[in-house]
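Presented below is the structure to which this report refers.
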Amino acid sequence: MKDRLEEIFERENLRTPSMFRRIMAYTIDDLLISLLMVVILWDRIEAHASDPEAMIGIINAALLEIVAIRFFYQWIFVTFYGATLGKMLFKMRVVSIDTLDNPALIPSAIRSAIRAAGEILFYIPLAVAFMDSFKQALHDKVAKTVVVSLA
0 MKDRLEEIFE RENLRTPSMF RRIMAYTIDD LLISLLMVVI LWDRIEAHAS DPEAMIGIIN
60 AALLEIVAIR FFYQWIFVTF YGATLGKMLF KMRVVSIDTL DNPALIPSAI RSAIRAAGEI
120 LFYIPLAVAF MDSFKQALHD KVAKTVVVSL A
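So, in structure tokens, the structure goes:
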């Protein structure tokens with residue numbers, strides 16, 4: 000797979016974005032999702048703002064909602080736009096290794112599911128990107144996608 004990616008990157012004159020840009024894009028996406036969750040949970044948060052234990056309970060009770068929103072955010076944006084809002088801001092795009100276009104519905108769903116699971120598993124599957132020459136995290140390897148720089 001590595002040889003194939005090297006050939007594709009050379010032939011198409013592609014580059015991987017820096018880890019700084021990827022982390023910044025992730026941070027933007029995470030902030031947007033967090034803001035959305037605050038809006039969704041505002042009534043429950045406001046009612047228990049002075050009770051830290053209640054706040055923890057609210058967040059724990061909303062864990063499934065949080066994971067679902069993270070999944071759908073990634074899935075919809077990557078499938079239809081090739082990038083999340085954070086990636087768009089930092090001029091990056093997720094492409095299928097086979098087509099060099101937006102990932103199809105199923106590979107994008109697989110990518111999003113593994114990414115959401117990785118966030119629950121202390122980001123360990125995301126750490127794979129730091130050791131890979133093409134900066135592919137586990138979700139990219141399984142879905143046969145790669146993040147490329149547009150700038």
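Once you know that position 47 of the sequence shown is 46 in the working numbering, the rest is easy, because the numbers rise by one and skip nothing.
Just so you know, even glycine gets a beta-carbon here, dropped at the ideal spot from N, CA and C.
Note that the coordinates shown come from a computational prediction; the quantities given were computed from them, not determined experimentally.
It is roughly 38 Å from the alpha-carbon of Ile7 to the alpha-carbon of Leu63. Met91 is classed as buried because its beta carbon has at least 16 other beta carbons within 10 Å across all chains shown.
Nearest C-alpha to Ile109 among Lys1, Asp131, Val77: Val77. Pro124 is positioned such that its CB atom lies no closer than 9 Å to that of Ala112. Apart from sequence neighbours up to five positions away, the residues of its chain that approach His138 with a beta-carbon distance below 7 Å are Arg110, Ile113, Arg114, Gly117, Pro124, ordered along the chain. Nearest to Ser107 by alpha-carbon distance, out of Gln73, Ala48, Ser148, is Gln73.
Beta-bridge partners of Met91 (DSSP): Ser148. Collapsing the DSSP output to three states places Ser107 in a helix. In the structure shown, Met0 falls within a coil segment according to DSSP collapsed to helix, strand and coil. Comparing C-alpha distances from Met23 to each of Tyr80, Met87, Ile44 shows the shortest one belongs to Met87. Rounded to the nearest whole angstrom, the C-alpha separation of Val146 and Phe71 is 19 Å. Boundaries of the alpha helix (DSSP H) harbouring Phe70: 62-80, taken from the DSSP string. By alpha-carbon distance to Arg3, the top candidate from Phe133, Thr83, Glu45, Val93 is Phe133.
Membership of Val127 in any alpha helix (DSSP H) is not indicated, and neither H nor E is assigned to it by DSSP.
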